[in-house]
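*Asks:* Per my numbering, residue 52 is the first one in the sequence shown, and the count goes up by one each step. Ideal Cβ placement from N, Cα and C applies to all residues, glycine included. A quick note: this is a predicted structure, and the numbers were derived from the prediction, not measured.
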Amino acid sequence: MINDTIICPHCNKSIPLSRALSHQMIETQKKEIEAALEKQRQEILTTQQQREKQLIESAQKKAQDSLQLTIRDKENESRELRNQNKTLQEQMLELNRTLRQIRSDSESMRLEFQKKFLESEEKIKHNATKKIQEEYDLKILEKDKKLADALKLVNEYKQKIEQGSQQLQGEVLELELEEKFKSTFVLDDIAPVAKGVRGGDIIQTVRNRTHTDCGKIIWEFKRTKAWSHEWIVKLRDDQRRVGADIAVLISNILPPTIAKFGTVDGIWVGDFESAVGLSTALRANLIDITSVKTSQVNREEKLEVLHEYISGVEFKHKVEAIVEAFSFMQDELEREKRWFATKWARQERSIRRVIDQTLSMHGALQGIMGKALPDIEDKKQINVDAVIDENIEEQKLF
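(1) At the level of alpha carbons, what is the spacing between Ser330 and Glu355?
(2) Please classify Thr409: does DSSP put it in a helix, a strand, or coil?
(3) Can you give the Cα-Cα distance for Gln101 and Glu108, rounded to whole angstroms?
(4) In the DSSP output, what is Pro243 paired with across the bridge?
(5) When you compare the stretch 292 to 301 with the stretch 266 to 277, are there three or more beta-carbon pairs, one atom per stretch, that lie closer than 8 Å?
(6) Could you please give the first and the last residue of the uninterrupted beta strand (DSSP E) stretch that includes Ala298?
(7) Go ahead and label Leu448 buried or exposed: buried means 16 or more other beta carbons lie within 10 angstroms of its beta carbon, across all protein chains shown.
(8) If distances are taken between C-alpha atoms only, which option among Arg249, Arg151, Thr275 comes closest to Leu224?
(9) Can at least three beta-carbon pairs, one atom from the stretch 317 to 337 and one from the stretch 224 to 241, be found at a separation below 8 Å?
(10) Flag this pair as yes or no: are the beta carbons of Gly250 and Val293 separated by less than 7 Å?
(11) Nearest-angstrom Cα distance between Ile402 and Leu198?
(12) When the Cα atoms are used, what is the spatial distance from Val435 to Trp390?
(13) Using a Cβ-Cβ cut-off of 7 Å (strictly less than) and excluding sequence neighbours within five positions of Ile241, which residues of its own chain qualify?
(14) Report the CB separation of Ala332 from Ile373 in whole angstroms; it is logged as a contact under 8 Å.
(15) If you reduce the DSSP assignment to three classes, tell me which class Asp316 lands in.
(16) When you compare each of Val370, Lys196, Lys246 to Trp319 by their alpha carbons, which one comes out closest?
(17) Using C-beta distances below 8 Å, list every residue in its chain close to Ile338, excluding the 5 sequence neighbours before and after it, in chain order.
(18) Between which two residues does the alpha helix (DSSP H) containing Ile283 stretch?
(19) Looking only at its chain, what residues have a beta carbon closer than 7 Å to the beta carbon of Leu144, apart from the 5 residues adjacent to it on each side?
(20) Just reading off the alpha helix (DSSP H) that Lys273 is part of, what are its end residues?
(21) Verify whether the separation of the beta carbon atoms of Pro306 and Trp278 is less than 7 Å.
(22) Decide if Asp289 is buried, meaning its Cβ has at least 16 other Cβ atoms within 10 Å, or exposed.
(23) Note down the Cα distance separating Asp200 from Arg400, rounded to an integer number of angstroms.
(24) DSSP three-state call for Arg258: helix, strand or coil?
(25) Measuring alpha carbon to alpha carbon, tell me which of Glu383, Leu238, Gln119, Thr263 ends up nearest Lys344.
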């Protein structure tokens, strides 16, 4: 039998061989494991120490950088404060110099002013009256200027009102001619055409002394910036629509071929100044035609003669003469109106100057004589103004 035991070197006892081998192997593995664990622990410890060292070094570097940045910032701040302090000191020095200069200048000015005041005191007393008079004259001039400006403003407003819009001017002229027709041709029926209704602006029904209708004249009024031939075409259509015998177009702008009045394609055309004169001639024509129509003796022959007369140059010249005479009278009236307006304006200015000079002289004398010189009665001033207002009212009537 094979001996499977061995003697333990420690205790000198016999132990089975398998047990001894097993125990030896375990011990060997245990040592190896413990050695491996110790190595791993040492590696981990080393790694941890290195990491801690890196963190410490990084923190120290950051702290050192921050400290250096703070130190530089403080140094810059200190440098800026020193510069500011230096600037403030310089400004304070400059301010002190300025204050000293101001005090010196102020004292010099005070002394100079006092000197001049003492030197000019007598002169001021001597010129006091003259200065007061100059101030008074200046106030008078200011009032005159204000009055002139007011009159100018009134004239501007008057011009704006007179000018107005083109439509308003046309309506005003239409109404004015309508009233002139009614006052001049009292036997005729002057009927304005309603706005928006086609058929001209005024229908004039001509009547003779026996109140017999002799025919119709259709009137169209235009106030624009340029002439248009379409007005002629439209007025001819309106003439047919209302059955008028004669059509007249009155405009502030005439075609190049017409100076004051004339015919364009069978339509009478004229300016506003020629309207009443042209109506006088045309209605006389219609009355003559009616008289011929009512005559039974040689009726056809008279009509033919009358038609030739109306279509001839002689009748045209007579119509032109009538209208020209009327236009001349209107121009003469306008010239007289302008002459009177200029005359009254000159008189008003002269009266105002007399009043102003009188009041100025009275004020100067009253300043010398005091209460001994009586005041000017207000009634006299009112009467003078009444004369001026009366002249103005007479001017308005024209």
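*Replies:* Let me lay it out:
(1) Along the sequence shown, one-based indexing puts residue 330 at 279. Along the sequence shown, one-based indexing puts residue 355 at 304. Between Ser330 and Glu355, the C-alpha separation is close to 23 Å.
(2) Stepping through the sequence shown from its first residue, residue 409 is reached at position 358. DSSP places Thr409 in helix when its eight states are reduced to three.
(3) For the purposes of this step, residue 101 is identified with residue 50 of the sequence shown, where counting begins at 1. For the purposes of this step, residue 108 is identified with residue 57 of the sequence shown, where counting begins at 1. Going by the C-alpha atoms only, they are around 10 Å apart.
(4) If you number the sequence shown from 1, residue 243 lands on position 192. Beta-bridge analysis with DSSP links Pro243 to Ile253.
(5) yes
(6) The count along the sequence shown starts at 1 and reaches residue 298 at position 247. Start and end: 297 to 302.
(7) Position 397 of the sequence shown holds residue 448. Because the pLDDT of Leu448 is 45, which lies under 50, any placement of that residue in the model is unreliable, and the number read from its coordinates should be weighed accordingly. By the neighbour-count rule (16 or more Cβ atoms within 10 Å), Leu448 is not buried but exposed.
(8) Indexing the sequence shown from 1 puts residue 224 at position 173. Among Arg249, Arg151, Thr275, the Cα nearest to that of Leu224 belongs to Thr275.
(9) yes
(10) Translated into the one-based positions of the sequence shown, residue 250 becomes position 199. Translated into the one-based positions of the sequence shown, residue 293 becomes position 242. Yes, they are a contact pair.
(11) For this step, residue 402 is matched to residue 351 along the sequence shown. For this step, residue 198 is matched to residue 147 along the sequence shown. Answer to the nearest angstrom: the Cα atoms are 14 Å apart.
(12) In the sequence shown, the residue the question calls residue 435 occupies position 384. In the sequence shown, the residue the question calls residue 390 occupies position 339. Low local confidence applies: a pLDDT of 47 at Val435 is under 50, so the model's placement there is unreliable, and no value is given.
(13) The residue labelled residue 241 in the question sits at position 190 within the sequence shown. Cβ neighbours of Ile241 beyond the five flanking positions: Glu229, Phe232, Lys233, Ile253, Gln255.
(14) Indexing the sequence shown from 1 puts residue 332 at position 281. Indexing the sequence shown from 1 puts residue 373 at position 322. About 5 Å separates the two Cβ atoms, so the contact holds.
(15) Reading the sequence shown from its first residue, position 265 is the one you call residue 316. Looking at Asp316 - three-state DSSP - the assignment turns out to be coil, as it is neither helix nor strand.
(16) Here residue 319 is taken as the residue at index 268 of the sequence shown, counted from 1. Among Val370, Lys196, Lys246, the Cα nearest to that of Trp319 belongs to Val370.
(17) Along the sequence shown, one-based indexing puts residue 338 at 287. Closer than 8 Å at Cβ, skipping near neighbours: Val257, Asn259, Cys265.
(18) Numbered from its first residue, the sequence shown carries residue 283 at position 232. Here the alpha helix (DSSP H) through Ile283 covers 281 to 293.
(19) Residue mapping note: residue 144 aligns to position 93 of the sequence shown, counting from 1. Contacts found: none.
(20) Here residue 273 refers to the residue found at position 222 when the sequence shown is read from its first residue. Note, Lys273: premise wrong, no alpha helix (DSSP H); beta strand (DSSP E) at 264 to 273.
(21) For this step, residue 306 is matched to residue 255 along the sequence shown. For this step, residue 278 is matched to residue 227 along the sequence shown. Here Pro306 is near Trp278, since their CB atoms are less than 7 Å apart.
(22) Locating residue 289 in the sequence shown gives position 238, counting from the first residue. Buried.
(23) The residue labelled residue 200 in the question sits at position 149 within the sequence shown. The residue labelled residue 400 in the question sits at position 349 within the sequence shown. Distance between the alpha carbons of Asp200 and Arg400 is about 14 Å.
(24) Taking the first residue of the sequence shown as 1, we reach residue 258 at position 207. It is a strand residue.
(25) Translated into the one-based positions of the sequence shown, residue 344 becomes position 293. For Lys344, the closest alpha carbon among the candidates Glu383, Leu238, Gln119, Thr263 is that of Thr263.
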